[in-house]
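In my numbering, the protein residues as written are 742 to 880.
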């Protein structure tokens with residue numbers, strides 16, 4: 742449409758196009774879509790495995806067949822109920838460890854792990870190590 746109208750139809754979102762191009766180039770350098778899919782599976786599998794091995798300390802209440810590989814909500818549970826004080830402490834200590842934006846959606850609360858393409862496996866493992874240490878120190 743833009744070309745047919747001499748670019749007068751509307752101003753294209755140039756910054757968005759520029760950023761998308763940068764991301765597409767980065768994805769190619771990482772090995773393409775197949776490699777990104779494999780990485781996404783590794784990261785999300787590691788997170789869900791850590792949750793399952795926490796003996797109910799970290800709980801994701803989403804049915805397994807509907808779970809996301811990208812955004813993983815969870816709650817910290819003590820005595821069978823969500824412990825908002827521990828979740829607040831978790832978020833505070835995570836920030837001190839340079840892990841940000843882990844707070845869950847304001848309507849749901851809890852914690853949300855976002856495993857977007859730019860999040861590396863190393864960064865995911867850093868978070869999982871933090872989670873295991875936090876559980877050990879607060880169980």
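We put the beta carbon where it would ideally sit given N, CA and C, even for glycine. Everything numeric in this text was worked out from a predicted model, so none of it was measured.
Only counting the same chain, and skipping five residues up and downstream in sequence, which positions put a Cβ closer than 8 angstroms to that of residue i?
{"i": "residue 809", "result": "785, 803"}
{"i": "residue 791", "result": "799, 869, 872, 873"}
{"i": "residue 876", "result": "795, 798, 799"}
{"i": "residue 789", "result": "801, 808, 813"}
{"i": "residue 761", "result": "none"}
For residue i, count neighbouring C-beta atoms within 10 Å of its own C-beta (all shown protein chains included) and say buried if the count is 16 or more, exposed if not.
{"i": "residue 797", "result": "exposed"}
{"i": "residue 813", "result": "buried"}
{"i": "residue 835", "result": "buried"}
{"i": "residue 854", "result": "buried"}
Select from the options the residue whose C-alpha is nearest the C-alpha of residue i.
{"i": "residue 856", "options": "757, 777, 820", "result": "777"}
{"i": "residue 781", "options": "763, 811, 768", "result": "811"}
{"i": "residue 840", "options": "774, 761, 756, 863", "result": "863"}
{"i": "residue 829", "options": "821, 764, 763, 817", "result": "817"}
{"i": "residue 783", "options": "865, 880, 878", "result": "865"}
{"i": "residue 880", "options": "771, 820, 745, 744", "result": "820"}
{"i": "residue 867", "options": "771, 752, 787", "result": "787"}
Could you round the C-beta distance between residue i and residue j to whole angstroms and report it? I think they count as a contact, below 8 angstroms.
{"i": "residue 815", "j": "residue 850", "result": "Not a contact, Cβ separation roughly 11 angstroms."}
{"i": "residue 844", "j": "residue 832", "result": "6 angstroms"}
{"i": "residue 768", "j": "residue 858", "result": "7 angstroms"}
Grab me the residues of residue i's own chain with a C-beta within less than 7 angstroms of its C-beta, minus the 5 sequence neighbours each way, in chain order.
{"i": "residue 764", "result": "none"}
Just to confirm my understanding: we take residue i, look at its own chain, exclude 5 residues before and 5 after, and list those with CB closer than 6 angstroms. What are they?
{"i": "residue 823", "result": "816"}
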